[in-house]
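Engineer: In our numbering, the protein residues as written are 45 to 674. Where a beta carbon is used, it is the ideal one built from N, C-alpha and C, also for glycine. It should be emphasised that the depicted structure is a prediction, and the values quoted were computed from it without experimental measurement.
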C-alpha cells in the first residue's frame, strides 16, 4: 500500500470582535477585509518581483517537469484555508485538473507551495502529476478585476489583487533533492523476557545492520532521505517488491547465498513530498524464525536492496546491498515423530521398497535410493533420457516433479546413466527411450509399472541402394551396445562390360575392391562388409580388449565355401558357375552383397535384412543374412 502524505491542513482561526465605540469604528462586511492590500511578490516561475495591485503577472519560465513544485510568494501571510483548486487554478488545456496538493512553506507563511501528486494505475505504475508533453494554464484570480473568485486571502481576509496567468508545458522529471539517496533500516530489539520466556522489554528503532536478538515480530522499516521513484520500491496493488527482498540465511554465512530462503510478507510505501522523504515498511507474513540453538552458525535475516532502487530523478541508492541481523534464539521443545509400523496409514505405498508391518520395517531388495522422485510417462508420450548427460530440470512437471526429490542437489544432471527413481510408471502407449554411450541402469525404490515400452535399441542402418559402389554404414548403438555391421561394397565388375548374346551385360567397375581371386575368400576383403565395433567386456585392457556385441558385416555374394567351392563370383561373362541364374540369363545379381547384422547389448542383435521391391530379376536363392551381434 502506498500512502501520500498531505501537508497539515488543520488550522484554528481566532476571530476577536471588538465592540464599536461612540467614535464610530466600522465593522467588516462579508467578503471584505481590513489592513493593507495583498499582492504577488515573486514566484518560482520567474514572475515579476514588483507586481502591484491590479497588475497581471506572467511567468518567465514556461517549461516545467512533471513533478515540479510551483511556489508563489505574496506580500503578507496567507490563510491556508483560502488556497484551493479554484483560487490556485492549474488545469490541462482542454482537459482535466491534475492531482496536486497545497501547503505553506513552513519557514515562510507568505509562500504557497503546489506539488503535483504522485498517483498509481491499476498495475502499480507511478504517474507523476503532470503529463509528458501536455500544456497547462496556471491562473491565480485577482480581486477588483473581471475575475469572480474565489481568491487567495491573507490571514485577516484581504484578497489577492495581482492576477497570475501563465501557460506551462510539462516534460521530464526533476530531482527535488540533489544527490544520490540513502536508506536507513531499523528494527525492534528484545531487551528482556518474562518467566515464561516471552519478550517483555524492547528497544525500538534500532539500526538493523549487525543487530542481535531482534524481535521475532518486528517489521523492517526503511527510511529514504529523498523522494524515491515508487516504481523501484514496491507495487502498491500487490504489496510485493521485485527490488527489495528479505531472506533467512540458514548458516549466517553471507558469502554463501545458496542456502537462503525468501521470507514472504507485504510492503507498504509512503512518499512524503513535503518533507522530501520516502519510507517502506516490510511486515513478514509470520514471525521471524529462530536464530537456532547456537552458539555458532546462527541464522541471519538478510535484507537485499537492489542497486536499481532510485529517486524520482533517477539517481541510484548510494548504499544498496545487504543489511543483515540476527533474530532471537528461541528455545523450542523437541519434536518427536514415532511410527510403530503396525498399520499403513502413513506408508507411502507407491514409493516404498521396504517390507512394512507387524511392528517393523525392513530394508528393501535394492531398488536404489529413489533420490530422483517420480517419473511418469503418460499414454502417447515419448520421454528420452540420455545416459551421458540428462538434465531433469528440463522435463515438464507432469513427467518429472522435482519437489519429490530426496536431498535435492543443486544440479539435477545425471552423467553416469544411473537413474534412481522412487516410482516409475510407463503408461500404455507411452515410450521411455534411452540413448548414450553409458549403459542405462534404472533403479526403482517403489512402484515400477511398465504398461508401455522401454526402448534401449540402437538405430537401423540407412537404406542402401544396391547400385552404390561402397557398402552402407551400420546403425548407431543403443546405450553401451554394439554398433551394427557395415554392408559389403559392390564387387569390381570391370570384366562384365559390353554385350552378351547381343544384350548389355551391365557390369559396374569398382577398382581396387576385388575380389582378385574369386575362388579365394581371403581376397574378399572389401566385398565383405566390416563388423560393427563391440563393447569391451569382460577384458577392457588396451590395446587388445575383448569386444562383444558388434554386428557382423555383410557378406559378398556369392562366394566359395568349404562345402561348396564352386559357389563363387563369376570371373568373366562366360563363368556362370555358382550363380543362381536370373530369369533373363543376364549373369546379374541385383544384391551384390548382404546387409550387415545389428549390434547387441543384453540380447542378440537382429540379422541383416535385404529389401528387394518389385524387381522381376530376383534370383531364386538370396544372399545369406549376416548374423547380429551376440
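Check residue 125 in the structure and name its three-state DSSP category.
Structural biologist: Here the question's residue 125 lines up with position 81 in the chain shown. Three-state result, residue 125: helix.
Engineer: So the beta strand (DSSP E) residue 154 belongs to, where does it begin and stop?
Structural biologist: Walking along the chain shown from the start, residue 154 turns up at place 110. From DSSP, the beta strand (DSSP E) with residue 154 extends over 152 to 160.
Engineer: Which residue marks the beginning of the beta strand (DSSP E) containing residue 468, and which one marks its end?
Structural biologist: For the purposes of this step, residue 468 is taken as the residue at position 424 of the chain shown. Unbroken beta strand (DSSP E) run through residue 468: 467 to 470.
Engineer: Since residue 305 and residue 291 are thought to touch, with beta carbons under 8 Å apart, how far apart are those beta carbons, to the nearest angstrom?
Structural biologist: In the chain shown, the residue the question calls residue 305 occupies position 261. In the chain shown, the residue the question calls residue 291 occupies position 247. For a cut-off of 8 Å, the C-beta gap from residue 305 to residue 291 is around 6 Å, short enough to register as a contact.
Engineer: Pick out whichever of 468, 110, 122 has its Cα sitting closest to the Cα of residue 496.
Structural biologist: Indexing the chain shown from 1 puts residue 496 at position 452. Measuring from the Cα of residue 496, the nearest candidate turns out to be 468.
Engineer: Does chain E have any CB closer than 9 Å to the CB of residue 254?
Structural biologist: The structure shown contains no chain E; it is built from a single protein chain.
Engineer: Among the residues of its own chain, which have a CB less than 6 Å from the CB of residue 79, if the five just before and after it don't count?
Structural biologist: Start at 1 with the first residue of the chain shown, and residue 79 comes out as number 35. Low confidence applies here, because residue 79 scores a pLDDT of 44, under 50, leaving its location unreliable; read the following figure in that light. Same-chain partners within the cutoff: 200, 202.
Engineer: Is residue 208 closer than 9 Å to residue 125 when the C-beta atoms are compared?
Structural biologist: Translated into positions along the chain shown, residue 125 becomes position 81. Translated into positions along the chain shown, residue 208 becomes position 164. Taking 9 Å as the Cβ cut-off, residue 125 and residue 208 do not qualify as a contacting pair.
Engineer: How would you call residue 488, buried or exposed, if buried means at least 16 neighbouring beta carbons within 10 angstroms?
Structural biologist: In the chain shown, residue 488 corresponds to position 444, counting from 1. The residue in question, residue 488, is buried, as its Cβ has 16 or more Cβ neighbours within 10 Å.
Engineer: Spatial neighbours of residue 139 within its chain, please: CB distance less than 8 Å, with the 5 preceding and 5 following residues excluded, ordered by chain position.
Structural biologist: Indexing the chain shown from 1 puts residue 139 at position 95. Once the five neighbours on either side are set aside, the close Cβ partners of residue 139 are 178.
Engineer: Am I right that residue 302 and residue 343 are in contact with their C-beta atoms under 8 Å? What's the rounded C-beta distance?
Structural biologist: As a position in the chain shown, residue 302 is number 258, starting the count at 1. As a position in the chain shown, residue 343 is number 299, starting the count at 1. Their Cβ separation, rounded to whole angstroms, is 15 Å, which puts residue 302 and residue 343 out of contact at 8 Å.
Engineer: So, helix, strand or coil for residue 225, using DSSP?
Structural biologist: Here residue 225 refers to the residue found at position 181 when the chain shown is read from its first residue. Reduced to three states, the DSSP call for residue 225 is coil.
Engineer: Near residue 388, which residues of its chain fall below 6 Å by C-beta distance, leaving aside the five closest residues on each side in sequence?
Structural biologist: Counting from 1 along the chain shown, the entry for residue 388 is found at position 344. Nothing listed; no residue qualifies.
Engineer: Going by C-alpha distance, which of 542, 154, 307, 511 is nearest residue 332?
Structural biologist: As a working note, residue 332 is residue 288 in the chain shown. For residue 332, the nearest C-alpha among the options comes from 307.
Engineer: Residue 429 and residue 466: beta carbons closer than 9 Å?
Structural biologist: Translated into positions along the chain shown, residue 429 becomes position 385. Translated into positions along the chain shown, residue 466 becomes position 422. No, these two residues do not count as a Cβ contact at 9 Å.
Engineer: Where does residue 270 land, buried or exposed, given buried means 16+ other C-beta within 10 angstroms?
Structural biologist: Translated into positions along the chain shown, residue 270 becomes position 226. Flag for residue 270 reads buried.
Engineer: Residue 176: buried (16+ other C-beta within 10 angstroms of its C-beta) or exposed?
Structural biologist: As a first step, residue 176 must be located in the chain shown, where it is residue number 132. Residue 176 counts as exposed, since fewer than 16 other beta carbons sit within 10 angstroms of its beta carbon.
Engineer: Put residue 175 into one of helix, strand or coil per three-state DSSP.
Structural biologist: For the purposes of this step, residue 175 is taken as residue 131 along the chain shown, with counting starting at 1. Three-state result, residue 175: coil.
Engineer: Considering only residues of the same chain and omitting the five flanking positions on each side of residue 161, which have a CB-CB separation below 7 Å?
Structural biologist: Working through the chain shown from its first residue, we reach residue 161 at position 117. Cβ neighbours of residue 161 beyond the five flanking positions: 48, 143, 144, 145, 173.
Engineer: Is it the case that the CB of residue 156 approaches a heavy atom of the ligand ZN more closely than 8 Å?
Structural biologist: Ligands are entirely absent from the displayed structure, and the ligand ZN is therefore not among its contents.
Engineer: Just verifying my parser: in three-state terms, what is the DSSP assignment at residue 404?
Structural biologist: On the chain shown, residue 404 is found 360 positions in, with the first residue counted as 1. Three-state DSSP puts residue 404 in a strand.
Engineer: May I ask you to report which of helix, strand or coil DSSP gives residue 132?
Structural biologist: On the chain shown, position 88 is the one that residue 132 refers to. Of the three classes helix, strand and coil, the one that applies to residue 132 here is coil, per DSSP.
Engineer: Spatial neighbours of residue 76 within its chain, please: CB distance less than 8 Å, with the 5 preceding and 5 following residues excluded, ordered by chain position.
Structural biologist: For the purposes of this step, residue 76 is identified with residue 32 of the chain shown, where counting begins at 1. Confidence at residue 76 is low in this model, with a pLDDT of 35, below 50, so the placement of that residue should be treated as unreliable; the coordinate-derived value is given next. Contacts found: 201.
Engineer: Per DSSP, which residues does residue 282 bridge with? Please list them.
Structural biologist: In the chain shown, counting from the first residue as 1, residue 282 sits at position 238. The partner list for residue 282 (beta bridge, DSSP) is empty, contrary to what the question assumes.
Engineer: Put residue 327 into one of helix, strand or coil per three-state DSSP.
Structural biologist: The residue given as residue 327 occupies position 283 in the chain shown. Reduced to three states, the DSSP call for residue 327 is strand.
Engineer: Please classify residue 113 as buried or exposed, where buried requires at least 16 neighbouring CB atoms within 10 angstroms.
Structural biologist: In the chain shown, residue 113 corresponds to position 69, counting from 1. Burial call: buried.
Engineer: Per DSSP, what are the beta-bridge partners of residue 530 in this structure?
Structural biologist: Position 486 of the chain shown, counted from the start, is the residue given in the question as residue 530. The partner list for residue 530 (beta bridge, DSSP) is empty, contrary to what the question assumes.
Engineer: Quick one: complete alpha helix (DSSP H) runs, 4+ long, within the stretch 453 to 505?
Structural biologist: none
Engineer: Taking the CB atoms as reference points, tell me whether residue 311 and residue 278 lie closer together than 9 Å.
Structural biologist: To locate residue 311, count along the chain shown from 1; it is residue 267. To locate residue 278, count along the chain shown from 1; it is residue 234. Contact flag set, yes.
Engineer: Using 8 Å as the threshold, is the stretch 522 to 536 in touch with the stretch 547 to 562, meaning 3 or more CB pairs across them?
Structural biologist: yes
Engineer: With residue 251 as the anchor, note down where its beta strand (DSSP E) starts and where it stops.
Structural biologist: The residue labelled residue 251 in the question sits at position 207 within the chain shown. 243 to 251 is the extent of the beta strand (DSSP E) around residue 251.
Engineer: Report buried or exposed for residue 345, applying the criterion of at least 16 other Cβ atoms within 10 angstroms of its Cβ.
Structural biologist: In the chain shown, counting from the first residue as 1, residue 345 sits at position 301. Flag for residue 345 reads buried.
Engineer: Going by DSSP in three states, residue 118 sits in which element: helix, strand or coil?
Structural biologist: To locate residue 118, count along the chain shown from 1; it is residue 74. Note: residue 118 maps to strand in three-state DSSP.
Engineer: Got a sec? Which residues, its chain only, sit under 6 Å from residue 559 by beta carbon, not counting five neighbours each side?
Structural biologist: The count along the chain shown starts at 1 and reaches residue 559 at position 515. So the qualifying residues of the chain are 567, 568, 571.
Engineer: Put residue 544 into one of helix, strand or coil per three-state DSSP.
Structural biologist: Within the chain shown, residue 544 is the residue found at index 500, counting from 1. Three-state DSSP puts residue 544 in a strand.
Engineer: Note the first and the last residue of the continuous beta strand (DSSP E) segment covering residue 369.
Structural biologist: Indexing the chain shown from 1 puts residue 369 at position 325. It spans 365 to 369 - the beta strand (DSSP E) in which residue 369 sits, taken as one unbroken run.
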